[in-house]
Structures are given as C-alpha cells and as structure tokens.
Amino acid sequence: MKRDKLVAFLFILPSIVLVGIFVYGFIGWTGVVSFVNWRDVFPDYTFVGFRNYIRLFGNYRFLISMKNTAIFTFLFLVSSVSIGLLLAILLDRKVRFEGFFRTIYLFPMAISFVVTGVVWRWLLNPGTGGESIGINLLFEKIGLSFLKSGWYTDPNIGIKAVVIPAVWQMSGYVMALYLAGMRSIPTELYEAAQLDGASVYQVYRYIVLPLLRPITLGAVIILGHISLKIFDLVFSMTGSGIGFSCDVPALFMYDTTFRGNYFSQGAAVSIVLLLLVSALIVPYMVYTIRSEVRR
Amino acid sequence: MLKKLLTVLLVLSLTFAFASKLEIFSWWTAGGEAEGLQELIKIYNKLYPNVEVINATVAGGAGAQAKAVLKTRMLGGDPPDTFQVHAGHELIDTWVKTGFMEPITFLYKEEGWERVMPKGILEIVSYNGEYWSVPVNIHRANVLWYNKKIFNQFGLKPPKTFDEFFQVAEALKAKGVIPFALGTKDGWEAAHIFETVLIGKLGAEGYKGLWTGKTKWSDPRVTDALETFAKMLKYVNSDHPARTWDEACALIVEGKAAMTIMGDWAVGYFYAKNFKDFGWVLAPNNEGIFDALSDSFGLPKGVKNRENVVAFLRILGSKEAQEAFNLKKGSIPARIDVNKDLFPEYQRSAMEDWQKHVIVPSVMHGAAAPESWVTEFKDVISLFVARPDVKVTQNALVNIAKAHVGQ
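Listed in order, the protein sequences are those of chains G and A.
Take 360 as the starting number for the first sequence in the numbering used here and just add one per residue.
Take 3 as the starting number for the second sequence in the numbering used here and just add one per residue.
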C-alpha cells in the first residue's frame with residue numbers, strides 16, 4: 360500500500376515540479392513585479408508598495424477596459440447559456456438527424472479564437488462610401504435593411520459586437536454540456552411526470568431545469584473565466600477599437616507592457632485579472648470539493 | 003568506446019558549425035517592404051551561400067506587434083542575430099542605454115560610412131561617442147497622397163494648406179467621393195496624421211520643442227492643431243476602425259477615396275499593387291519640412307552568429323544593398339552617394355528634399371521620444387478620434403508631457 364503511494368507520487372512528481380515552476384512560480388514572480396518600479400526594458404526592483412495599483416485605478420484606459428469586460432461578460436454569459444439551453448432542448452425532442460445538427464452546433468468550438476476573430480472582422484465590417492459588405496449586405500439583400508449597423512466601428516456598440524462571434528463559438532459547447540446533462544436524467548422521472556399528467560413545459564420547468572442546475576453553474580464558471588481574460592478574439596477582430604470601445608484589460612496589459620515598457624503596470628493588470636478570475640473559480644472549487652467529500 | 007563517442011560528437015559539432023545561420027528580425031511583411039528585404043537577403047546569399055538566412059518577421063504596421071515579441075526575446079536572453087529598429091530614441095533609449103547592444107563604430111571606420119551618410123542620420127544612431135546601428139533607409143512621414151484620376155476628373159488641385167485641404171475635401175464630398183482615407187485598426191495611424199498636423203501648425207522648431215520641453219503642450223497652437231484634426235476627421239471613411247494603413251491606401255487604389263496622409267512606405271504599397279495614378283504633395287502647411295524616420299539594424303550582445311551579423315551589417319551599409327532595398331521599399335537610401343537616376347520620380351524628389359529641407363524626427367516612428375511617451379500619446383489621440391474633446395485631450399497631453407520632461 361505504502362509502496363503504491365510512493366510510486367503514484369513519483370509518477371506525478373514531474374508535473375508537480377513543472378506546474379509549480381511554470382504556473383505558480385511565474386504567478387508569484389508577476390506578483391513581485393507588480394510591487395516594484397519596473398518601467399523600462401531594464402528591470403528596476405525598487406519596492407513601491409501599492410503605487411502601481413493606485414495609478415492603475417486612475418488610468419482612463421484601464422477603467423474603460425474594465426467596464427467593457429463587465430458588459431462583455433454579462434452579455435456573453437446570458438446569451439451563450441440561454442442559446443445553448445434552447446438548442447439542447449430542441450435536440451432533446453428526438454429530432455431527426457440529431458447527430459448531424461449536434462456536430463454543426465458544436466463545430467465552431469473547434470476553431471481557434473484567432474480564426475473566428477479574423478473572419479468576423481470582415482463579416483461585421485460595415486463597408487464604406489454607401490456600399491455594404493458582409494452581414495450588412497446580407498441584411499440588405501433579404502430586405503432587412505433596418506438591421507444594418509456600424510457594428511464594432513460604432514463607438515456606442517464596440518465590445519457588444521464582439522459578443523456575437525463569442526456566442527457563435529461557445530453556445531454549441533454549452534448545448535453539449537446541457538444535452539449530456541439531460542441524457543443523464545433517469546427516464547423514470549419523465550414517465551412519472553407523464554403519469555401525473557404534466558405538460559411538456561411543466562416537465563422542463565419542474566424536473567429538467569432544477570436537475571440541470573449544477574451544469575449551469577459549471578457552464579457559467581467555464582465561460583466566465585474565458586470571458587474575463589479574453590484576448591485573442593478581441594485582438595484579432597478589432598484591436599482596442601475606436602476610442603477603446605473594444606478594449607479589454609488583457610489588451611491594455613499587452614500594450615502597456617510590451618509597447619510602453621511599463622512592466623510593473625502590466626504585472627498589476629495581470630494580478631487584478633487573476634483576482635477577478637479567482638473570485639469566480641475559488642468558491643466553485645470549494646463547493647465541488649465539499650460535495651465530493653460529502654459523498 | 004569513449005573515443006568513438008568523441009568522434010561522433012566532433013562530427014556533429016562540425017556539421018552544426020557549417021550549417022551556419024543568420025536570423026533577421028523585422029516587421030516587413032506588406033507589399034514593397036517584404037520585397038525590399040528579399041533583395042537584401044539575395045545579395046547576402048550571393049556572397050555567403052553557406053549561411054542559412056532565417057527571415058523572422060512579425061506582421062503589423064509600425065512594428066506594433068513585432069516590438070512586443072522582440073522584447074520578450076531580448077529579456078529572455080534569446081536575442082535574434084539582428085533586428086529592425088527605428089533609429090533615434092527607440093534605438094538609444096530602449097536598447098542602447100539599457101546595455102543590450104554592442105557598438106559597431108569599427109564598421110563605420112572600416113567602411114568610411116561617416117563620409118557618405120548625412121550628419122542628421124549619424125547623430126541619431128550614435129550615443130556616448132559610439133555608433134550603434136546601420137541605417138538602411140530614410141522614410142518621410144509627412145506626405146499627402148492623392149488619386150490623380152479623381153483630381154483630374156473634378157478639376158481639383160492638390161491642397162498645400164489647411165484651408166485648401168478643407169475646400170478640396172468639401173468639393174469631393176459633394177461629388178460623393180470619400181475625401182480622406184483613414185485606417186485606425188492598429189491604433190497608431192491617427193497619431194501619425196496628427197503628428198503632421200502638429201508640424202503644420204507649430205513649424206519645425208515648435209514641433210521639435212514639444213518633445214524636448216521647449217514648447218509647452220498648453221500652447222494655443224496645439225489647441226488649434228487638435229481642432230483642425232477634429233475637422234479633418236469629418237471627411238474620413240466611416241469604416242476606419244476596421245482598416246489598417248495599407249487597407250486605407252487600398253481605398254485610394256480602388257478610386258473610392260481621394261487623399262490620405264501616410265509615410266512614403268505607401269509608395270512601396272502602390273508599386274506592389276501596380277498602381278501608377280498616385281500623386282503627392284506635402285501634408286498641409288508642411289512646406290520645407292522633412293518629417294523623417296529611419297529603419298536600422300544593430301548588433302545585440304550575446305548573439306549566436308556574430309560573424310554572420312557583422313557581414314550582414316557591412317552589406318546593409320553598402321551602396322548596392324541600399325539601392326536595391328530602397329528601390330522596392332519606396333524609401334530613400336541613407337547614403338547620399340547613390341545613383342539617383344535609378345530611382346522613380348517620387349524617390350528622386352524625396353532625395354532632393356532630404357538635402358535641402360529642415361529635418362524633424364518623427365514621434366510615432368520612434369525617432370523623437372521614448373516609447374513609453376509614444377504609447378501614451380497614441381492612446382490619447384486614439385481616444386480623440388472617437389470623442390473629439392479638445393480641452394480634455396489637450397490636458398491629457400500636457401500631463402503626459404509633464405511625466406516625461408518634467409515641465
């Protein structure tokens with residue numbers, strides 16, 4: 360028994376060491392950098408306390424990007440979860456060619472965010488000089504011209520236009536999660552409900568949805584952390600956008616660190632992002648571990 | 003057994019020594035510039051056929067993305083053998099003062115470059131009495147490009163002053179042509195245009211003073227520049243946040259837009275697109291001023307193939323390479339003893355201006371101010387494009403300048 364444990368430990372030792380150095384070690388290092396005065400290519404390790412953080416929360420670009428992240432996360436979560444759930448319910452009604460549709464809905468998830476970003480940059484490009492291209496052209500051709508808009512080139516829309524490809528890409532994933540959840544609900548429950556004369560609506564409202572609650576929580580956690588630290592999609596699709604209307608903290612971090620040489624400020628942004636993501640993940644982990652222990 | 007192993011090792015190390023390499027890091031990926039770089043590599047390979055040249059490029063105008071990659075490599079102790087860097091503050095402040103470069107004064111002495119390059123350019127590649135990089139070209143940032151066909155069709159004259167600019171723009175707008183092509187996707191393009199507006203309003207001395215602390219940013223002429231710039235923005239294509247600088251030039255090529263202000267790398271783009279109908283004047287009120295930047299290559303400390311780099315730098319400074327490269331790139335050679343007749347009309351005129359105009363360093367392209375200042379400057383102007391609030395913007399510019407020159 361003891362030998363087994365030792366062998367097991369030896370097997371995971373390399374990954375413990377590697378993760379320890381390359382994940383936690385560097386997180387710690389970033390934390391250290393965020394408290395010093397490194398604002399040139401050459402490191403300066405003078406301790407300055409919370410000065411970088413205080414300046415950060417007075418920086419107009421950081422504040423705009425935080426606001427954008429809040430808007431993005433909210434819209435992205437609500438739309439992905441509701442569209443994913445809707446697709447799952449529709450497929451769960453035993454439609455024909457279920458496998459075919461399931462694959463189609465799930466496909467976008469297999470694409471990298473960079474590819475999605477480049478393609479949607481052109482789809483949502485409004486065109487210029489009275490000429491429409493992309494989605495706007497489609498709207499024009501099918502007689503929905505009133506839906507035409509400036510998309511991400513309009514400072515009032517900005518980041519909200521980036522939500523569209525993000526939802527397009529991730530709602531299929533949410534659907535897969537929900538579908539798996541629905542299929543794991545015992546059929547007896549459905550049968551019992553039907554015997555009691557429950558309508559389809561009631562079956563979903565009182566049986567399926569309550570049982571899917573842990574899946575919703577899982578989906579929110581997974582999508583939430585993607586959304587808070589999003590970089591690649593925004594970077595390839597819009598950049599910071601007009602008047603920073605598409606800016607997110609990760610983009611700001613990249614800009615201030617590698618273009619502006621403000622390494623400490625960039626590190627401070629990373630730590631703020633880390634805290635935001637932890638605020639989402641840590642309670643979930645505690646909850647999962649506790650429920651596992653209870654079992 | 004041990005002997006065998008040693009032999010194997012020796013053979014291996016010899017093969018590696020022969021498979022000699024040279025990694026050139028740049029952001030030259032667009033039409034014109036990429037071809038210019040290929041010319042350099044061709045010349046190098048002819049002389050050193052055994053060296054494998056690795057063309058390490060990172061796309062993105064003005065090196066926006068490449069510079070980030072470069073910094074992680076330099077700080078991580080994995081410098082490319084040689085890299086493209088703007089001569090001036092970007093070279094000196096970012097890399098030389100911080101101790102990442104080796105001086106190459108010996109090359110200047112051996113090749114006699116001090117005699118064939120103008121003083122203005124020698125100054126911005128030197129620091130502490132040493133030379134630190136080889137300039138391959140000179141670019142001009144303050145040029146207004148226009149589509150000749152459109153101008154002829156409506157009987158318009160290219161504008162030389164701001165008043166004329168707005169008259170022409172109004173006329174073009176009435177004809178349904180986009181007066182002014184702009185692309186702001188990469189975040190620096192608007193600041194580039196604003197730089198020429200600043201020059202137009204403050205003149206050479208006033209503009210240079212902004213970056214040394216002699217001219218105050220609270221100056222009423224800066225207010226005027228911001229107001230003028232805001233007015234110019236009323237004549238741009240509506241999809242500018244979706245376009246990069248070359249995609250904005252595409253509007254000129256396609257005949258959808260009539261004018262744009264961009265550096266003369268636009269010429270390289272026009273050549274690459276086989277577009278001949280372009281004309282040029284200086285940006286409004288920029289008469290007699292040459293807003294310059296220069297791409298250069300240096301020798302980082304601790305590179306793997308030092309000899310190859312030195313050989314490459316030697317070629318870069320040669321007449322043959324400077325001619326071949328600049329013919330494609332649309333810029334002019336840093337050397338003044340080249341054969342002018344080889345070059346097309348635009349470059350010939352730029353070469354003449356280079357010797358008689360007042361030269362000012364470009365800020366958006368790393369020659370006038372440290373990168374931290376440039377980044378903050380570009381961000382403020384980028385915000386101004388969306389929210390043209392002159393007072394707020396000028397205050398922001400004043401505050402940024404305070405942090406850098408301590409006014």
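A virtual CB, placed ideally from N, CA and C, is assigned to each residue, including glycine.
Problem set entry | Near-chain G residues of the region 233 to 255 of chain A - C-beta to any C-beta below 8 Å | N239, S240, D241, H242, P243, A244, L253
Exercise. With contact counted as at least three CB pairs below 8 Å, one residue from each stretch, are the region 227 to 243 of chain A and the region 129 to 136 of chain A in contact?
Worked result: no
Exercise. In whole angstroms, what is the alpha-carbon distance linking F27 (chain A) and H141 (chain A)?
Worked result: As a first step, residue 27 (chain A) is located in the second sequence; it is residue number 25 there, counting from the start. As a first step, residue 141 (chain A) is located in the second sequence; it is residue number 139 there, counting from the start. About 19 Å.
For this session: Could you tell me whether any Cβ in chain G is nearer than 8 Å to the Cβ of N401 (chain A)?
Result: As a first step, residue 401 (chain A) must be located in the second sequence, where it is residue number 399. It does not; no Cβ of chain G falls within 8 Å.
Problem set entry | Other residues of its chain near A626 (chain G): CB distance less than 6 Å, five sequence neighbours each side excluded | The count along the first sequence starts at 1 and reaches residue 626 (chain G) at position 267. If you ignore the 5 residues before and after A626 (chain G), its C-beta comes within less than 6 Å of the C-beta of T389, V392, S393, all in its own chain and listed in chain order.
Problem set entry | Under 8 Å from the C-beta of N484 (chain G): neighbouring residues of chain A | Numbered from 1 along the first sequence, position 125 holds the residue referred to as residue 484 (chain G). Those are D241, A244, listed as they occur along chain A.
Problem set entry | Local conformation of Q67 (chain A) per DSSP, three classes | Within the second sequence, numbered from 1, the residue matching residue 67 (chain A) stands at position 65. In this structure, Q67 (chain A) counts as coil in the three-state DSSP scheme.
For this session: Give the interface partners of P642 (chain G) over in chain A, defined as CB-CB distance under 9 Å, in chain order.
Result: Position 283 of the first sequence holds residue 642 (chain G). What P642 (chain G) touches in chain A: nothing, since even the nearest Cβ is about 34 Å away.
Exercise. When you compare each of G:A469, G:Y464, G:S508 to T487 (chain G) by their alpha carbons, which one comes out closest?
Worked result: As a first step, residue 487 (chain G) is located in the first sequence; it is residue number 128 there, counting from the start. That would be G:S508, whose Cα lies nearest to the Cα of T487 (chain G).
Exercise. Any idea which residues DSSP pairs H141 (chain A) with across the strands?
Worked result: Locating residue 141 (chain A) in the second sequence gives position 139, where the first residue counts as 1. In the DSSP output, where bridge partners are listed per residue, H141 (chain A) has A:L295.
Problem set entry | Chain-ordered neighbours of A70 (chain A) on chain G, where CB pairs are closer than 7 Å | On the second sequence, position 68 is the one that residue 70 (chain A) refers to. Result: Y613, F617, R618.
For this session: Pick out the complete beta strand (DSSP E) segments inside the region 463 to 527 of chain G, 3 residues or longer, and give them in chain order.
Result: Runs found: none.
Exercise. Helix, strand or coil for P161 (chain A) per DSSP?
Worked result: In the second sequence, the residue the question calls residue 161 (chain A) occupies position 159. Three-state result, P161 (chain A): coil.
Exercise. Once you ignore the five residues that flank T59 (chain A) on each side, which residues in its own chain have a CB closer than 7 Å to its CB?
Worked result: Mapped onto the second sequence, residue 59 (chain A) falls at position 57. The residues are S28, W29, W30, T31.
Problem set entry | Residue ranges of each beta strand (DSSP E) within the region 301 to 328 of chain A, 3 or longer | none
Problem set entry | Start-to-end residues for the alpha helix (DSSP H) that takes in H88 (chain A) | Translated into positions along the second sequence, residue 88 (chain A) becomes position 86. No alpha helix (DSSP H) contains H88 (chain A), which is instead part of the beta strand (DSSP E) from 84 to 88.
Problem set entry | For W29 (chain A), three-class secondary structure by DSSP | In the second sequence, residue 29 (chain A) corresponds to position 27, counting from 1. If DSSP states are grouped into helix, strand and coil, W29 (chain A) belongs with coil.
Exercise. Relative to chain A, which residues along the region 526 to 559 of chain G have a C-beta separation below 9 Å, given in chain order?
Worked result: From the region 526 to 559 of chain G, no residue has a Cβ closer than 9 Å to chain A.
Problem set entry | Identity of the residue in G:F590, G:G531, G:C605, G:I494 nearest Y511 (chain G) by Cα | Within the first sequence, numbered from 1, the residue matching residue 511 (chain G) stands at position 152. The shortest Cα separation from Y511 (chain G) among G:F590, G:G531, G:C605, G:I494 belongs to G:C605.
Exercise. Can you list the residues of chain A that S471 (chain G) reaches, using a CB-CB cut of under 9 Å?
Worked result: The residue given as residue 471 (chain G) occupies position 112 in the first sequence. Here the premise fails: no neighbours, minimum Cβ distance about 17 Å.
Problem set entry | Contact with chain G by E373 (chain A), beta-carbon distance below 8 Å | Here residue 373 (chain A) is taken as the residue at index 371 of the second sequence, counted from 1. Yes, because at least one Cβ of chain G sits closer than 8 Å to the Cβ of E373 (chain A).
For this session: Figure out for me which residue from G:S637, G:I640, G:S623 has the closest Cα to the Cα of I413 (chain G).
Result: Taking the first sequence and counting its residues from 1, one reaches residue 413 (chain G) at position 54. Of G:S637, G:I640, G:S623, the residue nearest in Cα terms is G:S623.
Exercise. In the DSSP assignment, what are the bridge partners of K23 (chain A)?
Worked result: The sequence position of residue 23 (chain A) within the second sequence is 21, counting from 1. DSSP, once it has assigned bridges, lists A:E54 as partnering K23 (chain A).
Exercise. Contact between the region 200 to 210 of chain A and the region 285 to 300 of chain A: three or more CB pairs below 8 Å?
Worked result: With the cut-off at 8 Å, the region 200 to 210 of chain A and the region 285 to 300 of chain A touch.
Problem set entry | Meets three-Cβ-pair contact criterion under 8 Å: the region 181 to 189 of chain A and the region 255 to 271 of chain A | yes
Exercise. Who does I413 (chain G) pair with in a DSSP beta bridge?
Worked result: Position 54 of the first sequence, counting from 1, holds the residue named residue 413 (chain G). When DSSP reads this structure, I413 (chain G) sits in no beta bridge, so it has no partner.
For this session: Would you kindly work out how many angstroms separate the C-alpha atoms of I402 (chain A) and A469 (chain G), rounded to a whole number?
Result: Mapped onto the second sequence, residue 402 (chain A) falls at position 400. Mapped onto the first sequence, residue 469 (chain G) falls at position 110. Each residue's alpha carbon lies about 44 Å from the other.
Exercise. Is the shortest distance between the beta-carbon of E378 (chain A) and the beta-carbons of chain G less than 8 Å?
Worked result: In the second sequence, counting from the first residue as 1, residue 378 (chain A) sits at position 376. Chain G, which has a Cβ nearer than 8 Å to the Cβ of E378 (chain A), makes this yes.
For this session: Starting from V283 (chain A), trace the beta strand (DSSP E) both ways and give me its first and last residue.
Result: As a first step, residue 283 (chain A) must be located in the second sequence, where it is residue number 281. Run containing V283 (chain A): 280 to 284, per the beta strand (DSSP E) assignment.
Problem set entry | Below-8 Å beta-carbon distance, V400 (chain G) vs any chain A residue | Within the first sequence, numbered from 1, the residue matching residue 400 (chain G) stands at position 41. Closer than 8 Å to some Cβ of chain A, the Cβ of V400 (chain G) qualifies, so yes.
Exercise. Which partner residues of T262 (chain A) appear in the DSSP bridge assignment?
Worked result: On the second sequence, residue 262 (chain A) is found 260 positions in, with the first residue counted as 1. In the DSSP output, where bridge partners are listed per residue, T262 (chain A) has A:W147.
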